[in-house]
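Residue numbers (my numbering): 32 to 202.
Presented below is the structure to which this report refers.
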Amino acid sequence: METWDAIRARRNVREFTSDPIPAGDLDRILEAGRRAPSSKNGQPWDFIVVTDRDNLERLSGVWQGARHVAAAQAAIAFIIPPFENDRQRTMGWFDLGHAVMAMMVMAADLGLGTGHAAVADQALAREVLGFPEDRECAMILSVGYPADRPIEPLNKPNRRPFDEVVHRERW
């Protein structure tokens, strides 16, 4: 798929088939995140990929909106360090957004759907994922083949109209 098509095809998926994801495809998604831009090349992230069914089911309990993780074929947890101040935290989360979006677009390019989830229960996330006490799990991205319809460019996305969103030179 071309980049423009992958961007137009990417959508949040919450229901997945049971078809396994090839290991090479998962690695490509992870590599897309690893290559994402970051401020001063700080790369303030670690990724934990989970494919074990029991762990996916347990991870779905980290937040009420994470139920889709249980049905995914994989999940990627985004682990971040403590930030020294508000400026570093803002830059770190901005950088993390780059990594997450790069992975989402790469997944769409491979015909895979993704769904993101917040993490409210850090203790459960840490218990399942084993990340250090001085880190937190920022979010989880579920990955799998969509159960409802394939990933393909959307002609009429549910988005605000272009002319309503885009302002040229001034508001």
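Beta carbons: idealized from backbone N, C-alpha and C, even for Gly.
- Here glycine 128 carries a helix assignment [DSSP, helix/strand/coil].
- Non-local C-beta neighbours of serine 69 in its own chain, meaning closer than 6 Å and more than five positions away in sequence, comprise Asp126, ordered along the chain.
- Taking a 10 Å sphere around the C-beta of leucine 90, we find 16 or more other C-beta atoms and assign the residue as buried.
- Within the DSSP secondary-structure output, phenylalanine 47 pairs in a beta bridge with Pro177.
- Using a C-beta cut-off of 8 Å, the segment 43-56 makes contact with the segment 178-195, since at least three inter-stretch Cβ pairs fall below that distance.
- Straight through space, the alpha carbons of phenylalanine 114 and leucine 87 are spaced by roughly 28 Å.
- According to the DSSP secondary-structure assignment, glycine 144 is paired through a beta bridge with Gly175.
- With contacts defined as CB atoms closer than 8 Å, alanine 108 and valine 81 qualify as a contacting pair.
- Following the DSSP letters along the chain, one finds isoleucine 110 inside the beta strand (DSSP E) bounded by residues 105-111.
- The Cβ neighbour count for tryptophan 76, taken over all protein chains shown within 10 Å, is at least 16; the residue is labelled buried.
- The alpha-carbon separation between arginine 98 and valine 131 amounts to approximately 19 Å.
- Within the model, the alpha-carbon separation for isoleucine 182 versus tryptophan 202 is close to 34 Å.
- Burial state of threonine 145 is buried, judged by a 10 Å Cβ sphere holding 16 or more other Cβ atoms.
- Taking C-beta atoms under 8 Å as the contact rule, alanine 169 and isoleucine 111 qualify, at a distance of about 5 Å.
- Taking 8 Å as the cut-off, the beta carbon of proline 184 is found closer than this to the beta carbon of alanine 40.
- Per DSSP, reduced to three states, the secondary structure at phenylalanine 162 is coil, with no helix or strand assignment.
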